[in-house]
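Read the structure below first, then the notes.
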Amino acid sequence: MKADAEFERFYETEARAVFSAVFLLCRDRDRAEDATQEAFARAFARWNRLGSQPWAAGWVTTTALNVARRGLRRRRPAPETPQGGNPTDSIDLWASVRTLPPRQQQVVVLHYRLDLPVKKIAAILGCREGTVRTHLARARGVLRRGLEGGSDGN
Amino acid sequence: MGIDREVRSLLGSTPPDVPSFTSSVDDILRRARGRRLRRYLGGSIAAVLVAGGVGVPLALLFGLGSSAQHAISSPSPPVRAVPGATITPIPSGAVDVAIGAGAVWVSGFGHVTRLDPATSEVVATVKTPGTEDFSQVAVGLGGVWVTADGGVVYRIDPTDNEVVAAIVVGGAIQGVDTGAGSVWVTRPREGPGELLRVDPVTNRVVNTIEVGPGPGAVLYAFGALWVTNTSPPSVDRVDPSTGTVTAMRFTGLVAAGDDSLWAASGDTVIRVDPTTGEPMATVRVPRAQAVASAGGRVWVLASPESSNPTLFYPIEHTAALWEIDPSTNQVVGSPVYLDALQPIAVAAGDGAVWVADYDGETVTRFDLESCPGSTC
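Quick mapping for you: the protein sequence lines, in order, are chains G and R.
Counting in this note's numbering, the first sequence runs from 27 upward without gaps.
Counting in this note's numbering, the second sequence runs from 325 upward without gaps.
Structure follows, in structure tokens:
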């Protein structure tokens, strides 16, 4: 079994970003790596249909997030926060993202991390663009409070 | 504008504590090969179960547990363009599908998804913690009911898409339906299984009826409950007023339509007289898995073909949707081949047939106006 060059290029370009997004939400390296592998394996299995889609990276990211989330219920809970180190502002904000409902988490990752427009996110998640905007608005409200809380705390 | 830019800036950058990702593309290929092997082996056991007549629900569950994915390298015919077919991704997964209360309801992992029956768009996602591979969904008595882990039956109010009750009946429950003023839930256990009667007013179990081993799906139709058991395969008819259980002489996953029961089993669909429980006709449909009926039309969901004569190794684009004409008990035209490796449930109503695909996490809507059976 050989990966075609296009899939390999896609993997090299996107895998790190997908893994990072999953890790930042689940805070468990093994789970994030497992979910990322699983998502790309699924992508490979349907590459003839997925490869031409402009939202392929979003599809893989969403799939990886779902796989990680499902695994979360069956396995021991991951540590909520990293041990040691110096948390940065972005880590604090990811902590806020982790408190969001799963769909809002997905929308936030797709929009802010993968920089996908609302229309593409709606296509990936199978919902209306208005629904995506609603999720984003609600998520922003939580993240705003998270940022304000972080500022107050500092 | 400020918050948006700030969030983008903070979330767009990768914090330094994110570990490195070390998997290579070869790891992905190994995983793909491993999955194919698991599918091959897991599927072989499922095939033995099916061949031994253990029944569709158990076989499906076994397949689901073996990490079902698309076949990878099997050459397959191109999917025909199906007019009037709409595929909707269901991010929380598609396990069962039911129609009612002006919507289509799909049970998935931790959520029930509500679709617009006319457009197939997702209009709501209801959080139902503990709904899993086995969770079945039913609509009736003013609620949407879904079975979940821990013996929980969720009751969803379709007017506002909110869970209004989490009824704990305990055990590894599976099937659910409504009828005779009650909610009915199957509960497999060691030995004979149980059919639980839940009062929708008090949300409490008011009766427990012993049925055959391994009860899965339950259907209320023609004034009775029809329980499909899986270990070994059998169908029980349960009188809701007396609790009397009568073993039927047919097996399979049961649906109701056109004044008859229809049971999908093996390579046949059996039409049954609901008053006598006697088979009236047998229609040959390869790999018949489940039946749905609406508007005088009967639809049969067929499992994918296997590339191995003794092992179950599903081939892409061989799962199919067949139509039976109930006036002749004959198959209508040619089947519609599905772009799905693990179609798991079918429902019909509101001018459409709906197929849930567990593997692809999608629901496909076939519009009956633009997609009549013989021309799909």
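Ideal Cβ positions, reconstructed from N, Cα and C, are used throughout, including at glycine.
Linking E602(R) to P413(R) through their CA atoms gives a straight-line distance of about 40 Å. Residues of the segment 142 to 154 of chain G whose Cβ lies closer than 8 Å to any Cβ of chain R, in chain order: I150, L151, G152, C153, R154. Chain-ordered listing is empty here: chain R has no CB closer than 9 Å to the CB of E32(G), the nearest sitting near 12 Å. Residues of chain G whose Cβ lies closer than 7 Å to the Cβ of T449(R) are, in chain order, R129.
Straight across, the Cα-Cα distance linking W469(R) with G417(R) is about 17 Å. Three or more beta-carbon pairs separated by less than 8 Å are not found between the segment 122 to 129 of chain G and the segment 56 to 67 of chain G, which leaves the two stretches without contact. Neighbourhood of L50(G) in chain R, by CB distance below 9 Å: L335, T338, P339, V342, in chain order.
Per DSSP, reduced to three states, the secondary structure at S46(G) is helical. Chain R has a Cβ within less than 8 Å of the Cβ of T62(G).
Taking 8 Å as the CB threshold, S347(R) lines the interface with chain G.
Take the alpha-carbon of V578(R) and the one of P598(R): they are about 11 Å apart.
The Cβ atoms of G424(R) and G464(R) sit closer than 8 Å to each other.
With respect to the C-alpha of G567(R), the residue from T592(R), S555(R), R608(R), L519(R) having the closest C-alpha is L519(R). V93(G) has a beta carbon lying at 8 Å or more from every beta carbon in chain R.
At least one CB of chain R lies nearer than 8 Å to the CB of V134(G). Contact annotation for S78(G) against chain R: no contact, minimum CB-CB distance about 15 Å [criterion: below 8 Å]. Boundaries of the alpha helix (DSSP H) around I147(G): 144 to 151. If you check the CB distance, W623(R) and V655(R) do not come in under 8 Å. Looking at the DSSP output, F690(R) bridges to A409(R), V677(R).
For V656(R), there is no enclosing alpha helix (DSSP H); the residue is part of the beta strand (DSSP E) that begins and ends at 654 to 661. Secondary structure at P539(R): strand, using DSSP grouped into helix, strand and coil. The C-beta separation of I594(R) from G576(R) comes to about 6 Å, placing the pair in contact by the 8 Å criterion.
Neighbours of P415(R) in chain G, taken as residues whose beta carbon is under 8 Å from its own, are T88, N92, R129, Q132, L151, G152 in chain order.
Annotation for N553(R): no alpha helix (DSSP H) segment contains it, though the beta strand (DSSP E) segment containing it runs 548 to 554.
When 8 Å is used as the limit between beta carbons, R689(R) is near no residue of chain G, the shortest such separation being about 12 Å. At a cut-off of 8 Å between beta carbons, A41(G) contacts chain R.
Checking the DSSP bridge columns, you'll see N485(R) has no partner listed.
Between the beta-carbon of L140(G) and that of A82(G) there is about 11 Å, and that puts the pair past the 8 Å contact cut.
According to the DSSP assignment, A605(R) belongs to the beta strand (DSSP E) that extends over 603 to 608. Taking every protein chain shown into account, the CB of D591(R) has fewer than 16 other CB atoms within 10 angstroms, so this residue is exposed. Taking 3 residues as the shortest admissible run, the segment 436 to 470 of chain R contains the following complete beta strand (DSSP E) segments, listed from N- to C-terminal end: 446 to 451, 461 to 464.
The three-state secondary structure of G156(G), taken from DSSP, is helix. Our two residues, T39(G) and R53(G), have alpha carbons roughly 22 Å apart in a direct line. At least one C-beta of chain R is nearer than 8 Å to the C-beta of L119(G). D649(R) has a beta carbon lying at 8 Å or more from every beta carbon in chain G. Excluding sequence positions up to five before and after D691(R), its CB lies within less than 6 Å of the CB of G408, A676, all in the same chain and listed in chain order.
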